[in-house]
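The sequence shown lines up with residues 95 to 326 when you count with our numbering. The beta-carbon is built from N, C-alpha and C at its ideal position, and this holds for glycine as well.
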Amino acid sequence: TYHHLLMLAFHANRCLPILKLGRCYAHASTTILKLGDDRLRLVSREICLGELQPQHSKAVDAAIRDSHAALAAFRAQYGFGRGLAAPQVGHAVRIVALNVGAQYGAEFSPDRSLRPFSMINPRIVARSDSMFSLWDDCMSLVDKHEDLLMVRLLRHKHISVTFLDVDGNSHVWENLPQPLSELLQHELDHLDGVLAVDRAVDEEDAILPRSQWMRRKEEMLRLVEYEIVPTV
Numbered sequence: 095t096y097h098h099l100l101m102l103a104f105h106a107n108r109c110l111p112i113l114k115l116g117r118c119y120a121h122a123s124t125t126i127l128k129l130g131d132d133r134l135r136l137v138s139r140e141i142c143l144g145e146l147q148p149q150h151s152k153a154v155d156a157a158i159r160d161s162h163a164a165l166a167a168f169r170a171q172y173g174f175g176r177g178l179a180a181p182q183v184g185h186a187v188r189i190v191a192l193n194v195g196a197q198y199g200a201e202f203s204p205d206r207s208l209r210p211f212s213m214i215n216p217r218i219v220a221r222s223d224s225m226f227s228l229w230d231d232c233m234s235l236v237d238k239h240e241d242l243l244m245v246r247l248l249r250h251k252h253i254s255v256t257f258l259d260v261d262g263n264s265h266v267w268e269n270l271p272q273p274l275s276e277l278l279q280h281e282l283d284h285l286d287g288v289l290a291v292d293r294a295v296d297e298e299d300a301i302l303p304r305s306q307w308m309r310r311k312e313e314m315l316r317l318v319e320y321e322i323v324p325t326v
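Right, dumping it as C-alpha cells:
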C-alpha cells in the first residue's frame with residue numbers, strides 16, 4: 095500500500111532530518127553560486143546522525159548558517175524567496191533552508207512556529223501521477239546581465255517526503271499541498287546537481303529573463319496552470 099511504501103522508505107533511511115533555525119550565526123556567507131559554477135552540478139552527500147548528535151559538526155553548522163543567511167539576504171533584496179539548498183552556497187551536503195511563511199509554517203515547521211527552518215537529508219518517497227505546468231525561478235539562475243531567469247517546466251502536483259530536523263528527529267510529510275510540493279521538488283533537485291533549466295519544456299520562450307517575463311506577465315501566465323505565490 096501507499097503507506098507501507100512510505101514507511102519502508104522511512105526505515106531504510108535513518109539519516110533523515112529537519113533543521114530549525116534557533117540561533118543567529120556570525121560570519122555567514124550570503125554569496126549564492128550562479129549558473130555556470132561547476133559546484134552547482136555536484137551530487138551532495140548525506141549527513142550522518144553523528145554529525146547532529148550530541149552536537150552539530152562544523153560542516154553542518156556552516157551549511158545551516160550560510161544557507162539561511164543567504165536566503166534572508168535574498169528575501170530582503172527581492173521581496174521573495176521560499177527556499178535555498180546548501181549547494182547553492184557552496185556546501186555539498188543534503189540540507190535545505192526553508193521560509194514557508196505564515197500559511198504553512200504553523201502546520202509544517204518542526205516546532206510549529208513561523209520561523210525559518212531546515213531539512214536534513216530530505217527524500218521524496220512518493221509522487222502523484224498528476225503533473226502541472228508553472229514558471230519557476232531560482233536564485234542561482236541569472237543571465238549575463240544579472241537578471242533572474244524564469245523557466246517553464248512541469249512538476250508533480252503532490253509529493254511525500256521524509257527528512258530529519260536539526261536534532262536528528264525523523265519526520266514524514268505525506269501528500270503535501272501543491273505549493274510545498276513544487277518548492278521541495280525544486281530544492282531537492284539542487285541536492286542532485288539538477289537545475290530548473292534542465293527541466294525546461296521543449297518549447298519556444300521556455301526560458302526568459304525575469305525583466306522580460308514581467309513585461310509580458312499576463313501573456314506568460316496563460317501558458318501555465320499554476321503561479322507561484324511568495325511567502326510573507
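Specify, as a first and last residue, the run of the alpha helix (DSSP H) that residue i falls within.
i	result
V154	K152 to Y172
R304	R304 to R309
L282	Q272 to L285
Are the beta-carbon atoms belonging to residue i and residue j less than 9 Å from one another?
i	j	result
H284	Q171	no
S305	D205	no
I214	L282	no
G177	L278	yes
Contact check, residue i vs residue j under 8 Å by CB: the rounded distance?
i	j	result
P216	V194	Incorrect: roughly 13 Å between the Cβ atoms, too far for contact.
R246	V295	5 Å
A180	S161	5 Å
Can you tell me which of the options puts its alpha carbon nearest to the alpha carbon of residue i?
i	options	result
R133	E319, L289 and F226	L289
F257	E140, S123 and D131	E140
S227	L146, S264 and E319	E319
V260	G130, H150 and L129	H150
A220	H252, R209 and P210	H252
So the beta strand (DSSP E) residue i belongs to, where does it begin and stop?
i	result
G195	No beta strand (DSSP E) holds G195; the alpha helix (DSSP H) holding it covers G195 to F202.
V219	F211 to R221
A179	G177 to A179
L243	L242 to H250
S37	Any answer about residue 37 is impossible in this case: the structure gives the chain only from 95 up to 326.
Within its chain, find whatever has a CB closer than 6 Å to the CB of residue i; leave out the 5 residues flanking it on each side and keep chain order.
i	result
F174	P324
M147	The sequence shown places Gln at residue 147, rather than the Met named in the question. So the qualifying residues of the chain are G262.
To which residues of the same chain is residue i closer than 8 Å at the C-beta, ignoring the five residues directly before and after it?
i	result
P303	D237, H239, D241, L242, L243 and M244
I'd like to know if residue i contacts chain D, where contact means its C-beta is closer than 9 Å to some C-beta of that chain.
i	result
L270	Checking the listed chains, one finds no chain D in this structure; it contains a single protein chain.
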